[in-house]
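Trainee: Quick one: this structure, given as C-alpha cells, is what I'll be asking you about.
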Ligand SMILES: NC(=O)c1ccc[n+]([C@@H]2O[C@H](COP(=O)([O-])OP(=O)(O)OC[C@H]3O[C@@H](n4cnc5c(N)ncnc54)[C@H](OP(=O)(O)O)[C@@H]3O)[C@@H](O)[C@H]2O)c1
C-alpha cells in the first residue's frame, strides 16, 4: 500500500488497543503533557499505577491544571509532579535534565512528546524554533538523561523492564522531499529564512526525528535501554493552533480522539527489544509505515549526514554529550 492508502486505512479502520499493562513502581517523564496527546498519555500512566509521572511543561500553571484533571479522573493523588521544561531554551533543557538526574531515583520511561507545528519562521537559540524544539532540544534532553536511564537498567537487570526512550514522530515525515540535506549543511539551511519553505517545516522536523532515531539506536550498543519512535496517527489536539487550514480540516474529517491517539504513546513504552530503532504505528512495530525515502539508499545516507551534523550542534551546546556515540 502507498502512503496515502496506508494512512487512510489506519485513520478509518484501525483503533489502537486500550492500554492495560501495569507501570507499577515506574517513574515516567512525559514532555508537553499539559494538553493533547501528552496529557492523555500521562493520564494512562497514572491510571496504570505508575509510581511517579513528571508532567514536563513550559507553562507550569497549565501543568498544574493537567495534574488536577488527571487526579480527578484517576482518583490517584501525589503521583504527578509538574516540572518546568521549555524546549525552546537549551538552558531550560539542561536545568531539567540536571534536576531529573539528581532528584529522581529512576527513569523508566522518557516519552518525548512535546512538539510544535507552525508555518511562521521564528528563531529560538539561533535556529528556526520548530527545529530547536522538535529536533535539537528533543535529542539533547534524551542524551542528557541517558546515563540515568542506564543506571535504572542496572538497578533492575530485568530485560523485560528496560527503560524506554520514545520520540513521538509522525506519518507527516513522508510529506517532504527534504532538499536541505543534499547540500550537507542541513541545520544552517533550515535556519536560513530565505531558503526555508515553512509549509513543510513540520514534516521536515518529523523526518529528521525518524532519520536520527534510526542512526542513533544502533550506536546504543549496551542494550540497556530501548530507543523507539511512535506515530499516533492524525489526532485531535491543539497541534493545529499555528498550522494552516488544511491540517485543521483533515483533523475534522479523519482525526482520532486524543485519548485514542495517546494509546500509541503508551504502547511504545511497552513494546520490547524489537522496537529498538523502529517505527511504531497504531501501537505496533511497523517499519512498513516508514516513507520510501527513509528506507532508500538516499535516506540511509541522509541519516548518517544529519546525525553527524546534529552531533556537532549538540557538542556546541553541551561538550561531551555525544562522546559515547
Ligand atoms: N495531533 C496529531 O495529529 C499528531 C500526529 C502525529 C504526531 N503528533 C505529535 O504528537 C506530539 C504531541 O502533539 P499534540 O498533537 O498533542 O499537540 P498539542 O496539543 O499542541 O501539544 C503539544 C505539546 O507540546 C508542548 N510544547 C510546544 N512547544 C514547547 C516547548 N518549547 N517546550 C516545551 N513544550 C512545548 C505544548 O505546550 P504548550 O501547551 O505550552 O504550547 C503542548 O504541551 C507532537 O510531537 C506532534 O508532532 C501529533
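Residue numbers (UniProt numbering): 1 to 325. In this text, a Cβ means the ideal position worked out from N, Cα and C, and glycines have one as well. Just so it is clear, the structure is predicted and the values come from calculations on it, not from any experiment.
#1: Roughly how many angstroms lie between the CA atoms of residue 53 and residue 4, to the nearest whole one?
#2: Any heavy atom of ligand 1 within a distance shorter than 7 Å of the CB on residue 238?
#3: Could you pull the start and end residues of the beta strand (DSSP E) that residue 246 belongs to?
#4: Is the closest heavy atom of ligand 1 to the C-beta of residue 88 under 7 Å?
#5: Roughly how many angstroms separate the alpha carbons of residue 285 and residue 23, rounded to a whole number?
#6: Report yes if the C-beta of residue 282 is less than 7 Å from at least one heavy atom of ligand 1; otherwise report no.
#7: Note down, one range per segment and in chain order, each alpha helix (DSSP H) of at least 4 residues found wholly within the segment 97-168.
#8: For residue 138, which of 199, 94 and 177 has the nearest alpha-carbon?
#9: For the segment 22-41 against the segment 55-73, do three or more pairs of beta-carbon atoms, one drawn from each stretch, fall closer than 8 Å, so that the two count as touching?
#10: Output the boundary residues of the beta strand (DSSP E) element that contains residue 80.
#11: How is residue 206 classed by DSSP in three states: helix, strand or coil?
#12: So is residue 195 buried or exposed if we call it buried at 16+ other beta carbons inside 10 Å?
Mentor: In this structure, then:
#1: Against the chain shown, residue 53 aligns to sequence position 53. Against the chain shown, residue 4 aligns to sequence position 4. So the two alpha carbons sit approximately 36 Å from each other.
#2: The sequence position of residue 238 within the chain shown is 238, counting from 1. Yes, the beta carbon of residue 238 sits closer than 7 Å to at least one heavy atom of ligand 1.
#3: On the chain shown, residue 246 is found 246 positions in, with the first residue counted as 1. Not the beta strand (DSSP E): residue 246 falls in the alpha helix (DSSP H), residues 245-254.
#4: For this step, residue 88 is matched to residue 88 along the chain shown. At least one heavy atom of ligand 1 is nearer than 7 Å to the Cβ of residue 88, so yes.
#5: Counted from its first residue, the chain shown places residue 285 at position 285. Counted from its first residue, the chain shown places residue 23 at position 23. Each residue's Cα considered, the two are about 20 Å apart.
#6: Numbered from its first residue, the chain shown carries residue 282 at position 282. For ligand 1, not one heavy atom lies less than 7 Å from the Cβ of residue 282.
#7: 137-156
#8: Counting from one through the chain shown, the residue named residue 138 turns up at place 138. The shortest Cα separation from residue 138 among 199, 94 and 177 belongs to 94.
#9: yes
#10: By one-based count along the chain shown, residue 80 stands at place 80. That run of the beta strand (DSSP E) goes 80-84.
#11: Here residue 206 corresponds to residue number 206 of the chain shown, with the count starting at 1. Of the three classes helix, strand and coil, the one that applies to residue 206 here is helix, per DSSP.
#12: For the purposes of this step, residue 195 is identified with residue 195 of the chain shown, where counting begins at 1. Residue 195 is exposed by the Cβ-count criterion.
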